[in-house]
Amino acid sequence: MGRAGTFVELVNGTFQTIGIALFGRRFALPDALVARYPELAAVRWRAGGLPLRIGGWCLGRRTVAGITLGRTVFLANADALAPALLLHELAHVEQFARDRAFPLRYAWESLRRGYPRNRYELEADAFAARVLAERPPTRVGPPAGPSRPTRVVDVPRAASERPI
Ligand SMILES: [Zn+2]
């Protein structure tokens, strides 16, 4: 293609780099995670992107772990997918869907009460905790075989807390 092809490639590459910096890159959750939490499939997941930086600036940090815009969730680290964080962000997706004024209300709550006491944050944490109580995360890794060394014995709390 010669020089023109190289130039087009350079321009394309540059736009791609700028695109990733702005909007992150799209990625899919591992199958095991979606099998455990099918509700997470309703979200468009992206890694990186400017919204994380903007969220960080608002909180006086370099970045935030996750930020939700409509049905899209931007995560700072797509290599460490904690179900608690994913479910928390899913709750924000639902808050967006429920109320078009959500971004404004969220900002107002944060200004008035501070980020940790923002009622949308508390609601998202409560949602994640509820789902995790019903369906605790399973260890993602090789299937358990006969060579598995030990098994954790779960003593029922009622029994262990009973006075002797
Ligand atoms: Zn949140």
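Per the numbering used here, the very first residue in the sequence shown carries number 181; after that it's consecutive. Note that CB positions come from ideal geometry on N, CA and C, so glycine has one too.
Where does residue i fall in DSSP's three states?
i: F187; result: helix
i: R292; result: helix
i: D211; result: helix
i: Y217; result: coil
i: N298; result: coil
i: G240; result: coil
i: T318; result: coil
i: A309; result: helix
i: L261; result: coil
i: A345; result: Residue 345 lies beyond the stretch modelled for the chain, which goes from 181 to 344, so this question has no answer here.
Going by DSSP, what residues sit across from residue i in a beta bridge?
i: V345; result: Within the shown structure, residues of the chain are numbered from 181 to 344, placing residue 345 beyond reach of any answer.
i: R206; result: R226
Closest to residue i by C-alpha separation, out of the options, would be which residue?
i: R299; options: L267, A227, H272 and A277; result: H272
i: T248; options: R241, G204 and A309; result: G204
i: L270; options: P218, P296 and P231; result: P218
i: A313; options: R285, L220 and A264; result: A264
i: A260; options: I198, R292, R297 and L213; result: L213
i: P316; options: T243, N257, E289 and A262; result: A262
i: L230; options: R224, R206 and T243; result: T243
i: R310; options: T197, H268, A201 and A221; result: H268
i: V223; options: L255, A245 and L232; result: L255
i: L266; options: I234, R216 and R293; result: R216
Let me confirm a value: residue i is counted as buried when at least 16 other C-beta atoms fall within 10 Å, else exposed. Which label applies?
i: F195; result: exposed
i: W237; result: exposed
i: A208; result: exposed
i: L302; result: exposed
i: F187; result: exposed
i: G193; result: exposed
i: P336; result: The predicted model places P336 with a pLDDT of 39, which falls under 50 and marks its position as unreliable; any figure quoted below should be read in that light. P336 should be labelled exposed.
i: A308; result: buried
i: V191; result: exposed
i: A306; result: exposed
i: R280; result: exposed
Is the Cβ of residue i closer than 7 Å to any Cβ of chain D?
i: L270; result: This model lacks chain D altogether; it includes just one protein chain.
**Asked** So, do the segment 267 to 283 and the segment 239 to 255 have three or more beta carbon pairs nearer to each other than 8 Å?
**Response** yes
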